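As structure tokens, the structure follows; a few thoughts come after it.
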């Protein structure tokens, strides 16, 4: 991916450090430890990849849209048939339910059940406890600065990767 000509040059040492740190973070995240811990407490046996469906639904809900299987698949950048299978599995486990769209009765939408809400809350609780542990030695100013910079970096990364 080529940087736009208006972009400022990134110092090579900083770029290399970020690259290596992103790789380390990816390896840690790939283990899906947070999701596994939450699943063990709430819905043992659930595949950790199903948590991505709940997160996609949360993101779509923040945008104010009714959540459809197609929208979930788009958000997760996956084939609609795979998204449909994942939603069907969550419906069969009582984590999601299908409903009729209030805007268009011909459309089916997906909603979280109380069990789905509990699972999502547990994932957040586990994640926040882990992040709090990691940041426990940081000052309030450092945490605030990191939160803003991390949000900015992630938003830029999402935008850059959405292009291609």
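In the numbering used here, the protein residues as written are 427 to 590.
Ideal Cβ placement from N, Cα and C applies to all residues, glycine included.
All values derive from a computational prediction rather than experimental measurement.
Contact annotation, residue 536 with residue 495: C-beta distance approximately 6 Å; criterion of less than 8 Å satisfied. Here residue 486 is not near residue 549, since their CB atoms are 9 Å or more apart. Beta-bridge pairing by DSSP links residue 525 to 535. When the beta-carbon positions are compared, residue 517 and residue 524 come within less than 9 Å of each other. The residue among 526, 560 and 555 with its C-alpha nearest the C-alpha of residue 492 is 526. In the DSSP assignment, residue 477 falls within the alpha helix (DSSP H) that extends over 476-488. Considering only 447, 450, 452 and 477, the residue with the shortest C-alpha distance to residue 461 is 477. Look at residue 542 here: in three-state DSSP terms it is helix.
Per DSSP, the unbroken alpha helix (DSSP H) holding residue 507 starts and ends at 506-518. About 15 Å separates the beta carbons of residue 552 and residue 561, which is beyond the 8 Å limit, so they are not a contact pair.
DSSP places residue 560 in the helix class (H, G or I) of the three-state scheme. Measuring C-alpha to C-alpha distances from residue 513 to each of 531, 488 and 482 identifies 482 as the nearest. Residue 488 and residue 581 have their alpha carbons spaced roughly 16 Å apart. Excluding sequence positions up to five before and after residue 468, its CB lies within less than 7 Å of the CB of 544, 545 and 548, all in the same chain and listed in chain order. Residue 472 and residue 436 have their C-alpha atoms some 42 Å from each other. Collapsing the DSSP output to three states places residue 499 in a helix.
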